[in-house]
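Here the structure is laid out as structure tokens; the discussion comes afterwards.
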Amino acid sequence: MITPRFSCSQTAESVIISVYCPSVRASDVEINVDSNLFSLHINPYFLRLNFTNSLTEDDASSAQYDPSTGYLTVTLTKGIKGQEFKDLDLLAKLLAPRPTVHEPLIEVISSESTAEDPDQLVAQTQNLTLQDRDILEAVKYDWQLPQEVSAESPTLRVGARYGFLDLYSGYFTNVTYTENEVNELRSEAETLTLLERRQRRIQHEDEKWDEEYYMADFADDEYIRELIGWTHPYLSDSNTFAYTEKENATMLNLPRKECVLPPAVYDYLFQYSRTDIPTKSQTHSLYLTLTTVLFSYAYDARTTQHEPTPESAWTICSLTPSFSALDYPPYHGKSGINSPILEFTLDEISASFVPSYRRSLAFPLYRSFVLAEKCRQDVANFLLKGPRTVVRCLMEMKDIMDHHDVYYVYSKVWLDDLCVWTQAYASEETLTHLGNLVRDASITKKSIGWELEQLENFVVQLQAGDQREVDSDDE
């Protein structure tokens, strides 16, 4: 167990305990108050504090977790209002275990030795009441776990950086305890470089690829054809655009950040390796990342008929390389975060969609190359509709992530900032140009790397009966 970093303060009526426990599931918090003993457990953290005076849990008590900062704030009511709690700044004293005093469990009647029948002793032990046995167990297991004051450390840990403009780190430190099924890097997300993440992603995609699954969906594609024939309501010409009250409230709650500088300053930033403000190459990467994020949204929206399911958060995260593997584009040639690429090309756009196609053929329920092509067309149409429609799609994704007790982390490291950037700084002209390129891009089956054409030809031959009669095993 880890002793978290914490601090204590007080008001006339309450004691406030602030605990730093980033990247945890708030629903797993266990809090117990027993007079002056306070205990908190949430994997992988355990905290037990001994106060000088008693506390109570009542209607005025509360516990609030802020995932953006990683702090859990617990407010407990004082047993006696107005009473001063001393030494709240002496953390080691608060962590010291409470002295354990047990009442004698055996009363000595006589010091003379007596010989008793062993069978009689066994019978007496078996006749102990349930309460007596609980007392014996409590004595045997005294849960005074060792604790020590946590060393001070910055909120964002030093190490690998990821997310929007590589601004984030530390969000996957305790990923082992959060049941994050889409994170392919596990706790190594905090140490792997971008190149290592990319290699892990490709390896994981190859491991998950199932050619029999793909052939089955290719052979029986009736429902997939229905999905392809569906039209997204945001792309319907009959709908007039207007943000809902919920969308307006979401926009008001987005973080306020500066994400742009005049073009004349970009060369200076690139020369001095500034990472807090986007350079031209970083902005270039953001536009490409936006297309991959929209692809995941388009796939989930199309396969659920725009009615998100409990699996939607998993689907979106699994299909987005910058979420599941923290691997963002460009994926083409030698381009990267520090290369000053100023123009988009069809080859680069096509290469940016290859990971999305591969993941749509290896992970979700419906695995069809034709369905992936239709989702790319949706992305092109979203971009051609302009920044308002794109922001609406991003906010819909954000709402899905924010309501998941594990995957909300991807809202923090990507979607919040991407919503702000798209709304305030993304150029409508660039989005239109990008939409045209996405529409005209060509992703070949050969570029996927899994011999799709050979598998499809084999299925066609079996269905036509050219080679042999199909038996039950083939089906």
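Under the UniProt record's numbering, the first residue of the sequence shown is numbered 1, with each subsequent residue one higher. By construction, the Cβ of each residue, glycine as well, lies at the ideal position given by its N, Cα and C atoms. Remember, predicted model here, so these are calculated numbers, not experimental data.
Proximity winner among the options, relative to residue i (alpha-carbon distances)
i    : options                : result
L462 : A301, H403, D210, D220 : D220
S61  : T11, Y425, S68         : T11
G449 : P97, L361, G386, N436  : L361
F241 : Y162, D300, K385       : K385
R53  : G70, Y71, V33, Y45     : In the sequence under discussion, the amino acid at residue 53 is Asn, which differs from the Arg named in the question. N53 has its Cα closest to that of V33, out of G70, Y71, V33, Y45.
Y408 : S14, E57, Y171, A372   : Y171
V29  : L49, T73, S14, R5      : T73
D210 : V413, Y223, S169, S368 : S368
Local conformation of residue i per DSSP, three classes
i    : result
N381 : helix
L437 : helix
H41  : strand
S238 : coil
Y162 : strand
I2   : strand
Y168 : strand
L136 : In this prediction, L136 scores a pLDDT of 48, lower than 50, which makes its location untrustworthy; the coordinate-derived value is nonetheless stated afterwards. In the structure shown, L136 sits in a helix (DSSP, three-state: H, G or I).
N174 : coil
Y328 : coil
S339 : Summary for S339: the model assigns pLDDT 42, below 50, so the residue's position carries little reliability, and this model does not support an answer.
Y20  : strand
Q461 : helix
L455 : helix
K398 : helix
Alpha-carbon to alpha-carbon, residue j and residue i
i    : j    : result
H403 : N253 : 15 Å
E226 : M215 : 18 Å
E428 : C8   : 49 Å
G465 : S68  : 59 Å
G333 : S318 : Any reading at G333 needs caution, since the residue's pLDDT is 47, under 50, leaving its predicted position unreliable; the model's value is listed next. The alpha-carbon atoms of G333 and S318 are separated by roughly 24 Å.
F323 : N183 : 8 Å
T244 : Y234 : 13 Å
D206 : L95  : 49 Å
D66  : Y20  : 10 Å
T250 : T422 : 14 Å
L288 : S23  : 27 Å
D327 : T191 : 13 Å
Residue i: first and last residue of the uninterrupted alpha helix (DSSP H) it sits in
i    : result
F323 : 321–324
W421 : 416–424
P355 : 346–362
F295 : 280–303
E188 : No alpha helix (DSSP H) holds E188; DSSP gives it neither H nor E.
L252 : 245–252
T231 : Where T231 is concerned, there is no enclosing alpha helix (DSSP H), given that its DSSP letter is neither H nor E.
For residue i, the residue or residues it bridges with in DSSP
i   : result
Q64 : T73
Q10 : V15
T56 : T77
N50 : L37
Start and end residues, beta strand (DSSP E) containing residue i
i   : result
I31 : 30–34
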